[in-house]
Amino acid sequence: MKIFILAPDSDNHTAPLKWALQKAGFGVECWPGLGWAEKRQASILLTDSNRIQLGGHVLEPGDVVWVRRPDPPKLNPGAAPEDLKFASTEYRWFFHSVMYLLDELPVRCINKYSASRLINNKSVQLLFARECGMKVPATLMTNSPAAVHSYLRQCASRTICKTFFPHIWKKQTNSSVAVTETFELSEEMLPEDEVLTYAPAIYQEMVAKEFDVRMVVLGEAVYSYALHNPTGAIDWRQDAGQGLVRVEALETPTEIEEKVLAFTSRAQIAYGSFDFAVDASGHWWFLEVNEGGQFLWLDDFNPGLRVQEKFLAFLTAPERSSKEFLEERQALFPSWKDYLASPEKDAQPPEDADPEAAFVSVEA
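Residue numbers (the numbering used here): 5 to 368.
Pasting the structure below:
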């Protein structure tokens, strides 16, 4: 069994986890995503024995594919300008051909591409969460000014506004950035109606929370972590980036765990990072799930959590392994703290800044 990580070598999770897997004796290959360069090339051979080759590596039955964060297709810069639209379309469809075929081959995909594409939709997440019995804040998704006014007027509680996807604005001339974050909104605060049509947004009932929860689901194993933010900010992410958030392990209520596992079964995902808000009555409110969410930051804030070892035990174990079995396997792997102290940490290539990243705008 080999482990294939679909992400660049410089990805902030790829390098440490590849190192830890190799230390534990596992074969690991990385494929950064489809592109014209040799290491990014791919081949599908459909005969009596179907085969996919990613870079220089052939997938074999029983291999594990972690769809971490492959780059978007990279076109050959030598292509003629009048051919770029054609080449881009062909690369996009070939990438989909590779990714969807992985779902159907005798390899274990975490997560299946078809499932991840579906569950990355916020509307589907909230629908599934309600169907599985979780508490979900009343939500409006729209680009209609009339709908926004109507919703805010009728909503009995305080409301927030958030984006479908994070975004960063960077200045070409200096290091200043602006980042999207969740904020409170009332009808009196709305801009001109035309501005509301510039981009759709999510308008949601605000949960009066005591603290946030980041939950990591690894197959049948559910781990919850309380995020205590002394600033009381609606969106904890910016404060976490400044090291202000305290992270501690939290026992998941049985009822919540059952509903979350029903959700992952409904969504057909094996791994996910869930966000909840817990109110003063102890109710857990589902906010969102990221099927490819990052988790090493939890070990950075609290090394005793050992999330890296938990994930690697899950990645290398048979499907549907019990939580007890996974926890027995944790000892096979070095920790995030071990990686930080290793020479390999200093040899890690810097993470590439992709000028074509969809979530970054560069302003003059």
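A virtual CB, placed ideally from N, CA and C, is assigned to each residue, including glycine.
ask   = Once you ignore the five residues that flank residue 302 on each side, which residues in its own chain have a CB closer than 8 Å to its CB?
value = Taking the first residue of the sequence shown as position 1, residue 302 is located at position 298. Excluding positions up to five away in sequence, the list reads 218, 220, 229, 251, 309 and 311.
ask   = Within the chosen definition, does the segment 233-244 reach the segment 258-267 through at least 3 CB pairs nearer than 8 Å?
value = As far as the Cβ criterion goes, the segment 233-244 does not touch the segment 258-267, which means the pair count is below three.
ask   = What does DSSP give as the partner residues of residue 57 in its beta bridges?
value = By 1-based counting over the sequence shown, the position of residue 57 is 53. In DSSP, residue 57 forms a bridge with 47 and 62.
task = Please list, in chain order, all residues of the same chain as residue 118 whose beta carbon is under 7 Å from its beta carbon, the five residues on each side excluded.
result = Translated into the one-based positions of the sequence shown, residue 118 becomes position 114. So the qualifying residues of the chain are 104 and 107.
inquiry  = Taking 8 Å as the cut-off, does the segment 342-353 touch the segment 18-31 (at least 3 CB pairs, one atom from each stretch)?
reply    = With the cut-off at 8 Å, the segment 18-31 and the segment 342-353 touch.
inquiry  = Suppose contacts are defined by Cβ-Cβ distances below 7 Å. Is residue 63 in contact with residue 32 by that definition?
reply    = Stepping through the sequence shown from its first residue, residue 63 is reached at position 59. Stepping through the sequence shown from its first residue, residue 32 is reached at position 28. Result no, Cβ atoms of residue 63 and residue 32 do not sit closer than 7 Å.
message = Going by DSSP, what residue range makes up the alpha helix (DSSP H) through residue 267?
response = Here residue 267 is taken as the residue at index 263 of the sequence shown, counted from 1. Here the alpha helix (DSSP H) through residue 267 covers 258-271.
key: residue 90, buried or exposed, once every other Cβ within 10 Å from all chains shown has been counted against 16   = Counting from 1 along the sequence shown, the entry for residue 90 is found at position 86. Here residue 90 is exposed: its Cβ has fewer than 16 other Cβ atoms, across all protein chains shown, within 10 Å.
Every unbroken beta strand (DSSP E) within the segment 147-188, with a cutoff of 3 residues, ordered by chain = You should have 163-166, 172-175 and 181-183.
request  = Have a look at residue 80 and residue 60 and give me their C-alpha separation to the nearest angstrom.
outcome  = Looking up residue 80 in the sequence shown gives position 76. Looking up residue 60 in the sequence shown gives position 56. One C-alpha to the other measures close to 19 Å.
Span of the beta strand (DSSP E) around residue 103 = Sequence index remark: in the sequence shown, residue 103 carries index 99 (1-based). Counting along the chain, residue 103 sits inside no beta strand (DSSP E); it lies in the alpha helix (DSSP H) bounded by residues 88-108.
task = Would you decide whether residue 202 is buried or exposed? Buried here means 16 or more other CB atoms lie within 10 Å of its CB.
result = Along the sequence shown, read from residue 1 onward, the residue named residue 202 stands at position 198. Here residue 202 is exposed. Its C-beta has fewer than 16 other C-beta atoms within 10 Å.
query = DSSP on residue 359, reduced to helix/strand/coil?
reply = Here residue 359 refers to the residue found at position 355 of the sequence shown. Confidence at residue 359 is low in this model, with a pLDDT of 46, below 50, so the placement of that residue is unreliable and no value is reported for it.
message = Output needed for residue 288: all residues of its chain with C-beta closer than 6 Å, excluding positions within five of it in sequence on either side, in chain order.
response = Along the sequence shown, read from residue 1 onward, the residue named residue 288 stands at position 284. Excluding sequence neighbours, residue 288 sits near 260, 280 and 282.
task = Return the residue from the list 278, 12 and 304 that minimises the CA-CA distance to residue 293.
result = As a first step, residue 293 is located in the sequence shown; it is residue number 289 there, counting from the start. Checked all of 278, 12 and 304; the closest Cα to residue 293 is 278.
ask   = Going by beta carbon distance, what residues of the same chain come within less than 6 Å of residue 276, once the five residues before and after it are set aside?
value = For this step, residue 276 is matched to residue 272 along the sequence shown. For residue 276, where only same-chain residues beyond five positions count, the Cβ hits under 6 Å are 221, 293 and 295.
request  = Look at the alpha carbon of residue 77 and the alpha carbon of residue 99, and state the distance between them as a whole number of angstroms.
outcome  = For the purposes of this step, residue 77 is taken as the residue at position 73 of the sequence shown. For the purposes of this step, residue 99 is taken as the residue at position 95 of the sequence shown. Approximately 7 Å, taken between the alpha carbons.
request  = State the DSSP-derived secondary structure class of residue 42, mapped to helix, strand or coil.
outcome  = Start at 1 with the first residue of the sequence shown, and residue 42 comes out as number 38. For residue 42, the three-state secondary structure derived from DSSP is helix.
key: Segment contact flag, the segment 312-326 with the segment 160-172, C-beta cutoff 8 Å, min 3 pairs   = No contact exists between the segment 312-326 and the segment 160-172.
inquiry  = At the level of alpha carbons, what is the spacing between residue 8 and residue 349?
reply    = Your numbering for residue 8 matches position 4 in the sequence shown. Your numbering for residue 349 matches position 345 in the sequence shown. Cα to Cα, residue 8 sits roughly 20 Å from residue 349.
request  = Give the straight-line distance between the Cα atoms of residue 144 and residue 51, rounded to the nearest whole angstrom.
outcome  = Translated into positions along the sequence shown, residue 144 becomes position 140. Translated into positions along the sequence shown, residue 51 becomes position 47. Taken atom to atom, the span from the alpha-carbon of residue 144 to that of residue 51 is near 48 Å.
key: Cβ separation of residue 56 and residue 102, assumed to be a contact under 8 Å, to the nearest whole Å   = Numbered from its first residue, the sequence shown carries residue 56 at position 52. Numbered from its first residue, the sequence shown carries residue 102 at position 98. Yes, they are in contact, since the Cβ atoms of residue 56 and residue 102 sit about 7 Å apart, within 8 Å.
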